[in-house]
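K.L.:
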């Protein structure tokens with residue numbers, strides 16, 4: 013199994029990481045725009061984060077969802093952009109986005125948000141999109157409610173189904189949850205008692221399924237599923253963040269280093285490969301979200 017810290021990322025023109033330059037060149041849906049903004053903020057690339065956030069506000073839909081382009085059926089993905097527009101001082105855009113999530117977005121009888129507009133489906137991805145945003149907005153009660161609701165609907169022994177109608181233990185689904193809880197606690201440290209133990213539970217449950225190359229299968233408990241590298245980046249981000257923020261022991265830094273080192277051979281000319289590939293995310297390929305999580309893990313390692 014790969015171990016040791018990852019090498020410094022190769023840089024391109026202007027001294028910026030090649031992975032970042034490749035991310036900026038990619039087409040992005042609104043959740044990918046949001047995760048890209050998170051990576052830029054964490055790296056200190058504030059000017060770039062502001063530019064992406066401003067354009068997401070230009071593409072705000074009438075119902076308040078930020079960054080909507082084309083026939084966007086996602087109900088909650090736009091919430092990932094919220095911290096960027098807040099930083100820009102776009103208070104009306106931020107208010108409309110937050111009200112969509114807190115009051116108007118479709119949800120189950122117990123209040124757990126549906127991930128899409130046109131079907132009553134609860135997805136693991138939503139934890140990353142919604143819980144950190146609610147934490148950043150000071151709606152701690154709702155952040156905990158959404159975390160607990162998704163756990164109730166989707167979690168089995170620390171691992172997450174992709175959705176309530178797709179029971180397979182999709183690795184990236186658990187990665188979204190672990191990273192989302194870690195990011196929420198970073199925004200609101202007072203949430204640590206409610207969220208950090210579960211973030212650690214998900215992290216530890218995933219690590220059981222590491223393969224001999226240090227990575228994971230797309231479906232965690234299916235040895236025949238394809239090799240998937242983005243989960244390793246998501247878990248590295250979670251582990252570094254937990255160590256930096258004091259809710260994980262220092263020993264997890266070595267785990268995070270090992271996870272990033274396992275991904276390194278699959279980063280080719282600034283492109284993170286062997287991940288759930290856009291646009292359908294059901295086969296190996298490349299994606300903007302994998303680019304962003306490479307950078308999020310890099311920024312978290314510096315903390």
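In the working numbering, the protein residues as written are 13 to 315.
Don't be surprised by glycine CBs; every beta carbon is placed ideally from N, CA and C.
As the structure is a computational prediction, the values presented were derived from the model and not from experiment.
For residue 313 and residue 139, I'd like the C-alpha separation in whole angstroms.
P.N.:
Rounded to whole angstroms, the separation of the alpha carbons of residue 139 and residue 313 is 22 angstroms.
K.L.:
For residue 240, name the three-state secondary structure that DSSP assigns.
P.N.:
strand
K.L.:
Would you check if there are 3 or more beta carbon pairs closer than 8 angstroms linking the stretch 239 to 254 to the stretch 183 to 198?
P.N.:
By the Cβ rule, the stretch 239 to 254 counts as touching the stretch 183 to 198, because three or more pairs are nearer than 8 angstroms.
K.L.:
Identify every run of the alpha helix (DSSP H) within the stretch 57 to 89, keeping only runs that are complete inside it and at least 4 residues long; order them along the chain.
P.N.:
58 to 70
K.L.:
Can you pull the DSSP bridge partners for residue 46?
P.N.:
According to DSSP, residue 46 bridges with nothing at all.
K.L.:
So, is residue 236 buried or exposed, given that buried needs 16 or more other C-beta atoms within 10 angstroms?
P.N.:
exposed
K.L.:
Considering only DSSP beta bridges, list what residue 228 is partnered with.
P.N.:
240
K.L.:
Which residue wins for smallest C-alpha separation from residue 231, given the options 212, 205, 186?
P.N.:
With distances taken between Cα atoms, residue 231 lies closest to 186.
K.L.:
Excluding sequence positions up to five away, which residues of its chain have a Cβ less than 7 angstroms from the Cβ of residue 76?
P.N.:
Cβ neighbours of residue 76 beyond the five flanking positions: 108, 109, 111, 112.
K.L.:
Using the Cα positions of residue 265 and residue 41, report the straight-line distance between them to the nearest angstrom.
P.N.:
32 angstroms
K.L.:
What does the Cβ neighbour count give for residue 263, buried or exposed, with the cut at 16 atoms within 10 Å?
P.N.:
For residue 263, the number of other beta carbons within 10 angstroms of its own is below 16, and it is reported as exposed.
K.L.:
In angstroms with no decimal places, state the Cα-to-Cα distance between residue 13 and residue 306.
P.N.:
Since pLDDT at residue 13 reaches only 49, below the 50 mark, its modelled position is unreliable, and no value is offered.
K.L.:
Would you call the CB atoms of residue 286 and residue 213 closer than 8 angstroms?
P.N.:
no
K.L.:
Can you give the Cα-Cα distance for residue 118 and residue 90, rounded to whole angstroms?
P.N.:
14 angstroms
K.L.:
I'd like to know if the stretch 61 to 68 and the stretch 155 to 173 are in contact, where contact means that at least 3 CB-CB pairs between them fall below 8 angstroms.
P.N.:
no
K.L.:
Where in the stretch 130 to 167 do unbroken runs of the alpha helix (DSSP H), each at least 4 residues long, occur, reported from the N-terminal end onward?
P.N.:
137 to 148, 152 to 166
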